[in-house]
Amino acid sequence: MTLRDLGRSTVTAVASKVGRAASKVQESRPIPADLLESEDAYLVVFDAAGATGSDVQVRFVEDSVLVRIDRFRDFHEGFDMVFPGRGMSLDGEVELPSDAKVDANEATATLTDSGTLRVTVPKSE
Numbered sequence: 020m021t022l023r024d025l026g027r028s029t030v031t032a033v034a035s036k037v038g039r040a041a042s043k044v045q046e047s048r049p050i051p052a053d054l055l056e057s058e059d060a061y062l063v064v065f066d067a068a069g070a071t072g073s074d075v076q077v078r079f080v081e082d083s084v085l086v087r088i089d090r091f092r093d094f095h096e097g098f099d100m101v102f103p104g105r106g107m108s109l110d111g112e113v114e115l116p117s118d119a120k121v122d123a124n125e126a127t128a129t130l131t132d133s134g135t136l137r138v139t140v141p142k143s144e
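Quick note, the sequence shown lines up with residues 20 to 144 if you use our numbering.
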């Protein structure tokens, strides 16, 4: 093993550990989200980059929209993972206003091509 090989091996090992730590930090933070309101619904928009429809779980509990994303890393033939920095299991929660009257059974969720999850919760009368 040459000095150059030893240096590369050390850099790869350090980058891998830093990447794992970064992904754990990302997994411990809530998914960024926006809450919007119209006359007839609330719209909650979550960042969900890299997720597919089967990766996403959406629930309505009490006055909150809860999201769980369990995404997976694609395999890239001919490449080795050096820096695994993206969190794979992500959670988010947005609480609706305390006076919100909604019909949670009619809520819909849409995952866009741009990597956002849009949850629409209609208001009830």
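Backbone N, C-alpha and C fix where the C-beta goes; we use that ideal spot for every residue, glycine too.
Please work out which residues of its chain come closer than 7 Å, Cβ to Cβ, to residue i, disregarding the five sequence neighbours upstream and downstream, and give them in chain order.
| i | result |
| --- | --- |
| Val-121 | Tyr-61, Leu-115, Val-140, Pro-141, Lys-142 and Ser-143 |
| Ala-52 | Val-63, Val-64, Phe-65, Gly-111 and Val-113 |
Roughly how many angstroms separate the alpha carbons of residue i and residue j, rounded to a whole number?
| i | j | result |
| --- | --- | --- |
| Asp-89 | Glu-125 | 24 Å |
| Ser-133 | Glu-58 | 26 Å |
| Asp-99 | Val-77 | 33 Å |
| Ala-123 | Leu-109 | 22 Å |
Starting from residue i, follow the beta strand (DSSP E) in both directions and report where the run begins and ends.
| i | result |
| --- | --- |
| Ser-108 | 108-114 |
| Val-121 | Taken as a continuous stretch (DSSP letters only), Val-121 belongs to no beta strand (DSSP E), as it is neither H nor E. |
| Asp-82 | It is not in any beta strand (DSSP E) - Asp-82 carries neither H nor E in the DSSP assignment. |
| Ala-126 | No beta strand (DSSP E) contains Ala-126, which DSSP labels as neither H nor E. |
Is it buried or exposed for residue i, if we count other Cβ within 10 angstroms and need 16 for buried?
| i | result |
| --- | --- |
| Phe-91 | exposed |
| Val-80 | exposed |
| Met-72 | This sequence places Gly at residue 72; Met is not what is there. Gly-72 comes out exposed. |
| Gly-111 | buried |
| Ala-119 | exposed |
I'd like the list of long-range same chain contacts for residue i, defined as Cβ closer than 6 Å, with 5 residues on each side in sequence excluded.
| i | result |
| --- | --- |
| Leu-54 | Val-63 and Val-113 |
Using a Cβ-Cβ cut-off of 8 Å (strictly less than) and excluding sequence neighbours within five positions of residue i, which residues of its own chain qualify?
| i | result |
| --- | --- |
| Val-75 | Ala-67, Val-86, Arg-87, Ile-88, Ala-128, Leu-130 and Leu-136 |
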